[in-house]
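**Student:** In this note's numbering, the protein residues as written are 40 to 177. By construction, the Cβ of each residue, glycine as well, lies at the ideal position given by its N, Cα and C atoms. Here you go, one structure.
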């Protein structure tokens, strides 16, 4: 989707579902406001607080407003992501903290997000602390 109106303030290119690395330093609260004014739903994960699988499931379920019966496992994540439509943006700051702590689960979660209709923006270093290392994504 080509951003227009408020979204054009922040995003210069198409917003498409999938997982994307994003280098902007804009404050998450500002991005939230712009995204909401553009008619999208916004979720934010502060990855500096996500170090365990339990932390991840709590953060993602809160950010994407999953129902209370969310099972906090990868099968439940796949099911709930399947219910998301194409008007939701997830900003995951410091995603590499979890990726380095739980690389297998992080890789699966990123694959599931990438296959969903959620537009996921990752900020910060990833699996290695050196930077962009997200194969198969844009």
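(1) Indicate the three-state DSSP secondary structure (helix, strand or coil) for residue 89 in the structure shown.
(2) Looking at residue 148 and residue 103, is the spacing between their C-beta atoms short of 8 Å?
(3) Compare the C-alpha of residue 68 against each of 129, 140, 154 and 138 and name the closest.
(4) Measuring only the C-alpha atoms, how far is residue 32 from residue 66?
(5) How is residue 116 classed by DSSP in three states: helix, strand or coil?
(6) Roughly how many angstroms lie between the CA atoms of residue 131 and residue 108, to the nearest whole one?
(7) Once DSSP output is grouped into helix, strand and coil, what is the label at residue 81?
(8) For the alpha helix (DSSP H) that contains residue 57, what are its first and last residues?
(9) Would you decide whether residue 78 is buried or exposed? Buried here means 16 or more other CB atoms lie within 10 Å of its CB.
**Tutor:** Walking through what the data contain:
(1) Three-state DSSP puts residue 89 in coil, outside helix and strand.
(2) Contact flag unset, no.
(3) Among 129, 140, 154 and 138, the Cα nearest to that of residue 68 belongs to 129.
(4) In the structure as shown, the chain starts at 40 and stops at 177, and residue 32 therefore has no counterpart that could be examined.
(5) The answer is helix: DSSP assigns residue 116 an H, G or I state.
(6) The alpha-carbon atoms of residue 131 and residue 108 are separated by roughly 23 Å.
(7) Strand, per DSSP.
(8) No alpha helix (DSSP H) holds residue 57; the beta strand (DSSP E) holding it covers 57-60.
(9) Exposed, since its Cβ has fewer than 16 Cβ neighbours within 10 Å.
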